[in-house]
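Here's the structure, in structure tokens; my notes come after.
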Amino acid sequence: MDRLSEPVRVNGRDYARPHRPVVVVCVDGCEPDCITQAIQAGVAPFLKSMLERGSSRIGDCVVPSFTNPNNLSIVTGVPPSVHGISGNYFLDVASGKEVMMNDPSYLRAPTLLAAFAQAGARVAVVTAKDKLRAMLGHGLSGICFSAEKAGQATLADSGIDNVPMLLGKPVPSVYSADLSEFVLAAGAKLMQTRRPDLMYLSTTDYVQHKCAPGTAEANAFYAMMDGYLAQLDAAGAIIGLTADHGMSP
100 MDRLSEPVRV NGRDYARPHR PVVVVCVDGC EPDCITQAIQ AGVAPFLKSM
150 LERGSSRIGD CVVPSFTNPN NLSIVTGVPP SVHGISGNYF LDVASGKEVM
200 MNDPSYLRAP TLLAAFAQAG ARVAVVTAKD KLRAMLGHGL SGICFSAEKA
250 GQATLADSGI DNVPMLLGKP VPSVYSADLS EFVLAAGAKL MQTRRPDLMY
300 LSTTDYVQHK CAPGTAEANA FYAMMDGYLA QLDAAGAIIG LTADHGMSP
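Here my numbering is used: the first residue of the sequence shown is 100, the next is one more, and so on.
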């Protein structure tokens, strides 16, 4: 067995190397009924085909059910008790202030993303909000940038530059559905131009906070996502679609 075919061991588990590009999409706040309603409305034909051709399971998110702990659980394969990101914020007892847990110094376990990059795989990470970028990209030699600050990405710190020009899209408002679309558009473009072996795309839950499953706005969001997933599939990628947590109407 040569080195390029050996599994990659991360946090006590062995992970097979992908023979085709693997894209993991974390849809922030995606209640399963959002997808069900979009399919029933006929606006998500690719998602429908994913359910028919692939596997679908409803799983519990980690506790607490926040963005940071769950994203890090996805990319490390272990719970907060191991990776150390126990919430979006914590109370600094010394100062009495609330501190966001977005610094890699709080991370106690390596990510699969960094481990695969170190093992020679081409890895790319695109997250909607910048708060996750440093932790998801910790130890990673590859492409890693946020949609929120895509205009500031450089080759030195992000492995890529001129992102808005590459996509032909301006950097969108943080508080918009466009931020998530920017992430998915970036993923589709990177698959066309860079073809990473492993890619992680993490959206924002702006739409899920505002719009209940089955509403026109929610269905429009999942129709948009459906189109980009179809592009990734057409490019030969294996797609893993998950949520970091659910959402009530």
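All residues carry an ideal CB built from backbone N, CA and C; glycine is no exception.
From a predicted model like this one, the values you see are computed outputs, not experimental measurements.
When the alpha-carbon of Ile184 is set against those of Ala193, Ser172 and Ala218, the nearest one is in Ser172. Secondary-structure assignment with DSSP links Thr341 through a beta bridge to Cys125. Short of 6 Å from the beta carbon of Ser164, and not among the five residues preceding or following it, lie these beta carbons of its own chain, in chain order: His344.
For Met298, the uninterrupted beta strand (DSSP E) segment begins and ends at Leu297 to Ser301. An exposed status is given to Thr253, since fewer than 16 other beta-carbon atoms sit within 10 Å of its beta-carbon. For Val181, the closest C-alpha among the options Glu197, Pro263 and Tyr205 is that of Tyr205. If you look at Val161, you'll find it isn't in any alpha helix (DSSP H); DSSP assigns it neither H nor E. Taking C-beta separations shorter than 7 Å and ignoring five residues to either side along the sequence, the partners of Asn169 in its chain run Cys160, Val161, Asp343 and His344, following chain order. As summarised for the region 219 to 300, the continuous beta strand (DSSP E) elements at least 3 residues long and confined to that stretch are 222 to 226 and 242 to 245, given in chain order. Less than 8 Å separates the beta-carbon of Gly176 from that of Val109. Remark: C-beta atoms of Val273 and Glu247 approach each other more closely than 8 Å. DSSP lists no bridge partner for Asp304. Among the bridge pairs identified by DSSP, Glu197 is matched with Leu190. Beta-carbon to beta-carbon, Cys125 and Thr302 are separated by about 7 Å, close enough to satisfy the 8 Å threshold.
The three-state reading of DSSP puts Arg207 in coil, since its state is none of H, G, I, E or B.
Taking the Cβ atoms as the reference, Leu239 lies roughly 20 Å from Leu265, outside the contact range of under 8 Å. Ranked by Cα distance from Tyr327, the options Leu283, Arg293, Met290 and Ala336 are led by Leu283.
By the CB criterion at 8 Å, Phe215 and Leu331 fall outside the cutoff. When DSSP states are grouped into helix, strand and coil, Arg152 belongs to the helix group.
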